[in-house]
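Peer 1: For the sequence shown, position 166 matches number 167 in the working numbering, and the numbering has no gaps at all.
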Amino acid sequence: MKRFLLRFLLIFNFVVVSAQQDSIYINAKVSESKRQVTVNQEITYFNTTSTDISQIKLLNWIAAYQNRDTKLVKRQLEDRENDLYFAKSADLGSLENLEIKIGEKALSINDISAENIYIMFPNTIKPGEKVHLSLQYQLNLPDQKFTGYGSNGKKIALKYFFLVPDAFENLQETPKNFIDIEENQSPGVYWKVIFEVPANYYSQSNLTEIAPNYFEGTLNTDPEFVVSDRNFTQISPTVDGEKIDITFGYALTKKEKQNLEFYLPLQLNFIKNKIGFLPLKIFISEKFRKSENFTGLEDVKFWKFRYPLFSESQRNDLDYFSIISKNVIQQSLIFEKKQDHWLMNGLKTYLEIQYIERYYKDEKLLGQLPENVNIFGFKPLQLFYASKLKLSERYGLAYLYILTKNLDQKIAEPFEDLSNYNAVAISHLEMGSLFSFIAAKMGQEKFDDFIAQYFRDHAHQQIDKTKFLKDLALASGSSSDFLDDFLQRKNRVNFTLKRFNKTGDNFEVKISKNTAQKIPLKIETITKTGEKKEFWFDTNDSQTDVVYTIPQSNAAKIVVNNEYIFPEKNFRDNYLYTKGIYSNMKKIKLKLFQDIPNPEFNEIYLNPRLNFNIYDKILLGLNFKNSSLFERKFNYSLTPYFSSGTGKMTGSGAISYSVQPAESVVRTLDVGVSGSYFHYDYDLSFQKFGVFANLNFAKNPRSDVGRSLGVSYNFYEKDLNPKILAENEYQKYNLWSIGYGYSDRQMIHEKYASVNLQLMEDFQKISAEAFYRWEYAKDKKLSVRMFGGYFLTNTTKNNLFDYGISKVSNYSFSYGLLGQSATTGLLSQQLILAEGGFKSYVGKTTNQWITSLNVDAHVWRWFNVYADAGLYKSRLQPTQFIWDSGVKVKVIPDFLEVYFPVQSSLGFEPSFKDYGQRIRFTLVLNFSAITNYFSRGWF
Numbered sequence: 002m003k004r005f006l007l008r009f010l011l012i013f014n015f016v017v018v019s020a021q022q023d024s025i026y027i028n029a030k031v032s033e034s035k036r037q038v039t040v041n042q043e044i045t046y047f048n049t050t051s052t053d054i055s056q057i058k059l060l061n062w063i064a065a066y067q068n069r070d071t072k073l074v075k076r077q078l079e080d081r082e083n084d085l086y087f088a089k090s091a092d093l094g095s096l097e098n099l100e101i102k103i104g105e106k107a108l109s110i111n112d113i114s115a116e117n118i119y120i121m122f123p124n125t126i127k128p129g130e131k132v133h134l135s136l137q138y139q140l141n142l143p144d145q146k147f148t149g150y151g152s153n154g155k156k157i158a159l160k161y162f163f164l165v166p167d168a169f170e171n172l173q174e175t176p177k178n179f180i181d182i183e184e185n186q187s188p189g190v191y192w193k194v195i196f197e198v199p200a201n202y203y204s205q206s207n208l209t210e211i212a213p214n215y216f217e218g219t220l221n222t223d224p225e226f227v228v229s230d231r232n233f234t235q236i237s238p239t240v241d242g243e244k245i246d247i248t249f250g251y252a253l254t255k256k257e258k259q260n261l262e263f264y265l266p267l268q269l270n271f272i273k274n275k276i277g278f279l280p281l282k283i284f285i286s287e288k289f290r291k292s293e294n295f296t297g298l299e300d301v302k303f304w305k306f307r308y309p310l311f312s313e314s315q316r317n318d319l320d321y322f323s324i325i326s327k328n329v330i331q332q333s334l335i336f337e338k339k340q341d342h343w344l345m346n347g348l349k350t351y352l353e354i355q356y357i358e359r360y361y362k363d364e365k366l367l368g369q370l371p372e373n374v375n376i377f378g379f380k381p382l383q384l385f386y387a388s389k390l391k392l393s394e395r396y397g398l399a400y401l402y403i404l405t406k407n408l409d410q411k412i413a414e415p416f417e418d419l420s421n422y423n424a425v426a427i428s429h430l431e432m433g434s435l436f437s438f439i440a441a442k443m444g445q446e447k448f449d450d451f452i453a454q455y456f457r458d459h460a461h462q463q464i465d466k467t468k469f470l471k472d473l474a475l476a477s478g479s480s481s482d483f484l485d486d487f488l489q490r491k492n493r494v495n496f497t498l499k500r501f502n503k504t505g506d507n508f509e510v511k512i513s514k515n516t517a518q519k520i521p522l523k524i525e526t527i528t529k530t531g532e533k534k535e536f537w538f539d540t541n542d543s544q545t546d547v548v549y550t551i552p553q554s555n556a557a558k559i560v561v562n563n564e565y566i567f568p569e570k571n572f573r574d575n576y577l578y579t580k581g582i583y584s585n586m587k588k589i590k591l592k593l594f595q596d597i598p599n600p601e602f603n604e605i606y607l608n609p610r611l612n613f614n615i616y617d618k619i620l621l622g623l624n625f626k627n628s629s630l631f632e633r634k635f636n637y638s639l640t641p642y643f644s645s646g647t648g649k650m651t652g653s654g655a656i657s658y659s660v661q662p663a664e665s666v667v668r669t670l671d672v673g674v675s676g677s678y679f680h681y682d683y684d685l686s687f688q689k690f691g692v693f694a695n696l697n698f699a700k701n702p703r704s705d706v707g708r709s710l711g712v713s714y715n716f717y718e719k720d721l722n723p724k725i726l727a728e729n730e731y732q733k734y735n736l737w738s739i740g741y742g743y744s745d746r747q748m749i750h751e752k753y754a755s756v757n758l759q760l761m762e763d764f765q766k767i768s769a770e771a772f773y774r775w776e777y778a779k780d781k782k783l784s785v786r787m788f789g790g791y792f793l794t795n796t797t798k799n800n801l802f803d804y805g806i807s808k809v810s811n812y813s814f815s816y817g818l819l820g821q822s823a824t825t826g827l828l829s830q831q832l833i834l835a836e837g838g839f840k841s842y843v844g845k846t847t848n849q850w851i852t853s854l855n856v857d858a859h860v861w862r863w864f865n866v867y868a869d870a871g872l873y874k875s876r877l878q879p880t881q882f883i884w885d886s887g888v889k890v891k892v893i894p895d896f897l898e899v900y901f902p903v904q905s906s907l908g909f910e911p912s913f914k915d916y917g918q919r920i921r922f923t924l925v926l927n928f929s930a931i932t933n934y935f936s937r938g939w940f
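#1: Would you kindly work out how many angstroms separate the C-alpha atoms of isoleucine 452 and serine 32, rounded to a whole number?
#2: Quick one: give me the first and last residue of the beta strand (DSSP E) that methionine 121 is part of.
#3: At a cut of 8 Å, does the region 386–402 reach the region 424–431 through at least three beta carbon pairs?
#4: Pairing CB atoms from the region 268–287 with CB atoms from the region 295–302, are three or more of them under 8 Å?
#5: What are the residues that DSSP puts in a beta bridge with phenylalanine 764?
#6: Could you give the distance in angstroms between the alpha-carbon of isoleucine 589 and the alpha-carbon of proline 600?
#7: Take arginine 921 and list the residues in its own chain whose beta-carbon comes closer than 6 Å to its own, dropping the five residues that flank it on each side.
#8: Taking the C-alpha atoms as reference points, what is the distance between aspartate 705 and glutamine 747?
#9: DSSP on proline 371, reduced to helix/strand/coil?
#10: Ignore the nearest five residues each way along the sequence and tell me which others in tryptophan 863's own chain have a CB closer than 8 Å to its CB.
#11: Could you check where the beta strand (DSSP E) with tryptophan 850 kicks off and where it finishes?
#12: Can at least three beta-carbon pairs, one atom from the region 61–69 and one from the region 158–166, be found at a separation below 8 Å?
#13: Could you check what DSSP says for glycine 347 in three-state terms: helix, strand or coil?
#14: Alpha carbon to alpha carbon, how far is arginine 4 from glutamate 100?
#15: Please state the DSSP three-state secondary structure of aspartate 144.
#16: Rounding to the nearest angstrom, what Cα-Cα distance links asparagine 28 and threonine 254 in this structure?
#17: Identify, in the order they occur along the chain, each residue of the same chain with its Cβ nearer than 6 Å to the Cβ of asparagine 855, setting aside the five sequence neighbours on each side.
#18: Below 7 Å CB to CB, which residues in the same chain sit around glutamate 210 once its five sequence neighbours on both sides are set aside?
#19: Look at the Cβ atom of tyrosine 658, then the Cβ atom of glycine 691, and state whether they are nearer than 8 Å.
#20: Buried or exposed: which applies to tyrosine 321, given that a residue is buried once 16 or more other Cβ atoms fall within 10 Å of its Cβ?
#21: Just the Cα atoms here: how many angstroms apart are serine 709 and proline 415?
#22: Under three-state DSSP, which class holds threonine 52?
#23: Can you tell me where the alpha helix (DSSP H) holding phenylalanine 438 begins and where it ends?
#24: Please give the ranges of any alpha helix (DSSP H) in the region 673–735, keeping only runs that are unbroken, at least 4 residues long and fully inside the region.
#25: Nearest to leucine 352 by alpha carbon, out of Gly646, Leu430 and Val198?
#26: Express the C-alpha separation of phenylalanine 814 and leucine 736 in angstroms, rounding to a whole number.
#27: Going straight from the alpha carbon of leucine 60 to that of serine 437, what length do you get?
#28: So what does isoleucine 524 bridge to, in DSSP terms?
#29: Using only CA atoms, which one of Arg290, Leu419, Tyr26 and Val561 lies nearest to tryptophan 192?
#30: Do the CB positions of aspartate 80 and asparagine 421 come within less than 8 Å of each other?
#31: Classify alanine 474 as helix, strand or coil using the three-state DSSP reduction.
#32: Relative to the C-alpha of glutamate 394, which residue among Asn695, Tyr565 and Ser905 is closest?
#33: Would the beta-carbon of alanine 440 fall within 8 Å of that of phenylalanine 448?
#34: For the beta strand (DSSP E) containing valine 38, name the first residue and the last one.
#35: With three or more C-beta pairs closer than 8 Å as the rule, is the region 463–474 touching the region 503–517?
#36: Taking alanine 873 as the reference, give the member of Ala823, Val667 and Gln881 with the closest Cα.
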């Protein structure tokens, strides 16, 4: 009877489905455990190609959850997520008991564990013909925590689980795998879905609800469903006489619902006025809310304090405008996410920018945070330029940050190849800024009219990017002609405001650009009272200086592309003053602490420094530098310190220049000079002067693999006392060093390797190091380090340059030792995991060769066990084998760790009277190492 009803509904469905439109009927029964779904399904598939087809590809994306060898797991590991990798078998997803028929003929199925199931037809399907497939199968749902889809035992979120044809299939039959990027499977299909759910459970979908648990309709996206024991909140504002149903797949707080009842009509009216389209139903799932909300609104939490940036109503407004606008754009046209992402996300961000310009024009980037942080009446954040930036400037700043690291990517890069940061900064923010820039040039209403007309003309059609850009260029009077080429490369566009001359009542402004692309520009004049006037100009393909004439208008300042409206690589040369001693110049400004740079000034950042070593004691310093949160080509940093231990001035400084080719095998080439002056023993100082060149090779921004090559020359001069002179200590020496490093910071299998050649007049030595860390279970790791060092020649007069076994000598003053020359006391127990890397004092140095193996394994919570073993040989001495073992406590993993030796070549060490002096510790006080640690998975 059920099969008969299914066929009846399918036949009835043909009457209402348009010609040549694929259709899918599904009857889905949810088990009482909410872990299984039994499916009866009918697919009507049309051959819309111009050739005969003999098979169909069905996307079986639940198979992405079946084991740790899928592309979904690989991508999640790239994103620093390992829940699915270490999942229990009961939490995985799979397809079972699949049967497929055409009429009464059962079709053979090769592998139901594949994400792409190819089904051969008994007869070829000619162009324009259709085929009906009947399917039965069972879905074993994965745990919802992996991607937001699946079951948590109480609630079910269904998307990408049913078997569907690939709507974007081509003759190459390219495999298509689920990688959790919200791409479309089967847009444009007519759906009819009936659920059988447990008692007191409800279902909801982005499809039109015909009756309880019964949904149907055509979507430009893929259907999604939520089954829950809670009913669903719905808000239905009216826009231009039409009721728009907005359904939420999660519970709203009372305050949130009240805010949305006020803001949603405002938002929907705004969107419709911009693009001329609103769907009649908007469904917001919990995952969609989390992935599409407005970033940067979260309260700042510190210890027991909580500082809100924005009010709850403002957060609701901005969050849901971002969510609603993305939903509307997705429903307007059919997008293929991997290739069309920049158009979909750019239009959504354009709406967001315009909404902020309308309702949050004067709102600051940090919201009310500068006002809320109050220390005895003093509001320190108000000193920062970041507190004065507008909320709308976030779009240009986010892109500029990644550009200055040379880790940005092409806008048209396939979405799955974008790093997590670039998926936001490039696909959303940069592209949205470009649309806003073009809209400002051609006229806001004209741009909005173009978008609205385009949506009307291409409703429910797959987007044609090339045609869109051509139509936009025509509508903009060729102002957007540059986009086609701009999207295909990593851009380093820069407009330079060079000089101005006063001619009568006008300014003649000389501007150059570094590209042949015909990109418009905006010149703005600003008076002392803040009055602004703007002038738009088209440009030609010349890269020479061009003079533009604008009215003086009592301007005090001339600005090109103000407020980051266009994604330039450098905004510091976009400002000139017109009056006073700084006319045709930039002002110099001193800033306390690091800040977002203000491109209007040549800024010098003053940052207090506090440091310590046992000889200088507390070091109080002030760092002068020209770079801040954004990296620059030319950098200087000077830090004079007052040494409280000696009463003298010490310090360090460096000057460097960075070359960052946009598209090359090289990411950065840094060359520079450096110097430092500190104390390495009581009343004994050292001076170090160096020249260096460091080359970082280009990396895949989604990958954690990095490669670098470094060359340096350093000259050292040390103070010596009579005792040290008697030990043949070196007072002056030169060191050349050439090194290559490889790193792969991926989860599960973390790897590092390096090779280094070091030489001076008395020795040449080569060393190699390899490190491997394996996460063999959730939060449990095994580390293996190998080191080998060999002196090619060695005629040194003491052991200063020997390989360290249990302690490095640090003759290059490159390790962060708090007690450089300490032989007793706590600071002498500091461990640098380099060279031999032994934790027990099983040997001092070796002057011929050494090999060592260091192993470290997790046991419980903060506790690890370690073991070291190695061979070493010194001249005129036999080869020695040494080993040690013990327990490591990870106070702060990788930064502060304590080693307790147990057994070694020396014996059972806890029985030694001086055991307390044998305990070692590592301490890493390196801010860049900490920031690199937390940036993993983003770029």
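Virtual Cβ for every residue (Gly too), placed ideally from N, Cα, C.
Peer 2: For this structure:
#1: Start at 1 with the first residue of the sequence shown, and residue 452 comes out as number 451. Start at 1 with the first residue of the sequence shown, and residue 32 comes out as number 31. The alpha-carbon atoms of isoleucine 452 and serine 32 are separated by roughly 46 Å.
#2: For this step, residue 121 is matched to residue 120 along the sequence shown. For methionine 121, the uninterrupted beta strand (DSSP E) segment begins and ends at 117–126.
#3: Touching, per the Cβ criterion.
#4: Taking 8 Å as the limit for Cβ pairs, the verdict is that the region 295–302 does not touch the region 268–287.
#5: Position 763 of the sequence shown, counting from 1, holds the residue named residue 764. DSSP lists Met761 and Asn795 as partners of phenylalanine 764.
#6: Here residue 589 is taken as the residue at index 588 of the sequence shown, counted from 1. Here residue 600 is taken as the residue at index 599 of the sequence shown, counted from 1. Cα-Cα distance, rounded: 11 Å.
#7: Taking the first residue of the sequence shown as 1, we reach residue 921 at position 920. If we look at arginine 921 and ignore the five residues flanking it on each side, its Cβ neighbours are Gln830, Leu832, Lys840 and Tyr900.
#8: One-based indexing of the sequence shown puts residue 705 at position 704. One-based indexing of the sequence shown puts residue 747 at position 746. Taking the straight line from one Cα to the other gives about 6 Å.
#9: To locate residue 371, count along the sequence shown from 1; it is residue 370. Helix, per DSSP.
#10: As a working note, residue 863 is residue 862 in the sequence shown. Closer than 8 Å at the Cβ level, and outside the excluded window around tryptophan 863, lie Val890, Lys891 and Val892.
#11: The sequence position of residue 850 within the sequence shown is 849, counting from 1. Looking at the DSSP string, the run of the beta strand (DSSP E) that includes tryptophan 850 is 850–861.
#12: At 8 Å Cβ cutoff, the stretches touch.
#13: What you label residue 347 is simply residue 346 of the sequence shown in a count that begins at 1. Three-state DSSP puts glycine 347 in a helix.
#14: Locating residue 4 in the sequence shown gives position 3, counting from the first residue. Locating residue 100 in the sequence shown gives position 99, counting from the first residue. Per-residue confidence for arginine 4 stands at a pLDDT of 42, beneath the threshold of 50, marking its modelled position as unreliable; the derived number appears in the next sentence. Looking at the two C-alpha atoms, the distance is approximately 14 Å.
#15: Position 143 of the sequence shown, counting from 1, holds the residue named residue 144. Strand at aspartate 144.
#16: Against the sequence shown, residue 28 aligns to sequence position 27. Against the sequence shown, residue 254 aligns to sequence position 253. Distance between the alpha carbons of asparagine 28 and threonine 254: 33 Å.
#17: As a first step, residue 855 is located in the sequence shown; it is residue number 854 there, counting from the start. The residues are Arg786, Gly838 and Asp869.
#18: As a position in the sequence shown, residue 210 is number 209, starting the count at 1. Cβ neighbours of glutamate 210 beyond the five flanking positions: Phe216.
#19: Working through the sequence shown from its first residue, we reach residue 658 at position 657. Working through the sequence shown from its first residue, we reach residue 691 at position 690. No, they are not a contact pair.
#20: Counting from 1 along the sequence shown, the entry for residue 321 is found at position 320. Buried.
#21: Along the sequence shown, read from residue 1 onward, the residue named residue 709 stands at position 708. Along the sequence shown, read from residue 1 onward, the residue named residue 415 stands at position 414. Rounded to the nearest angstrom, the gap between the Cα atoms of serine 709 and proline 415 is 27 Å.
#22: Along the sequence shown, one-based indexing puts residue 52 at 51. The answer is coil: DSSP assigns threonine 52 none of H, G, I, E or B.
#23: What you label residue 438 is simply residue 437 of the sequence shown in a count that begins at 1. That run of the alpha helix (DSSP H) goes 432–443.
#24: Within the region 673–735, the complete alpha helix (DSSP H) runs of at least 4 residues fall at 723–727.
#25: As a working note, residue 352 is residue 351 in the sequence shown. Closest option to leucine 352, Cα to Cα, is Leu430.
#26: On the sequence shown, residue 736 is found 735 positions in, with the first residue counted as 1. On the sequence shown, residue 814 is found 813 positions in, with the first residue counted as 1. Spanning the two alpha carbons is a distance of roughly 12 Å.
#27: Residue mapping note: residue 60 aligns to position 59 of the sequence shown, counting from 1. Residue mapping note: residue 437 aligns to position 436 of the sequence shown, counting from 1. Whole-angstrom Cα-Cα distance: 37 Å.
#28: One-based indexing of the sequence shown puts residue 524 at position 523. When beta bridges are read from the DSSP output, isoleucine 524 appears opposite Phe536 and Val561.
#29: By 1-based counting over the sequence shown, the position of residue 192 is 191. Per the Cα distances, Tyr26.
#30: Within the sequence shown, residue 80 is the residue found at index 79, counting from 1. Within the sequence shown, residue 421 is the residue found at index 420, counting from 1. Contact flag set, yes.
#31: Walking along the sequence shown from the start, residue 474 turns up at place 473. Alanine 474 falls in the helix class under three-state DSSP.
#32: Indexing the sequence shown from 1 puts residue 394 at position 393. Shortest Cα-Cα distance from glutamate 394 to any of Asn695, Tyr565 and Ser905 involves Tyr565.
#33: The residue labelled residue 440 in the question sits at position 439 within the sequence shown. The residue labelled residue 448 in the question sits at position 447 within the sequence shown. Closer than 8 Å, so yes.
#34: Within the sequence shown, the letter at position 37 stands for residue 38. Run containing valine 38: 37–47, per the beta strand (DSSP E) assignment.
#35: Output reads no: the region 463–474 does not touch the region 503–517.
#36: Counted from its first residue, the sequence shown places residue 873 at position 872. In the sequence under discussion, the amino acid at residue 873 is tyrosine, which differs from the alanine named in the question. Answer by Cα proximity: Gln881.
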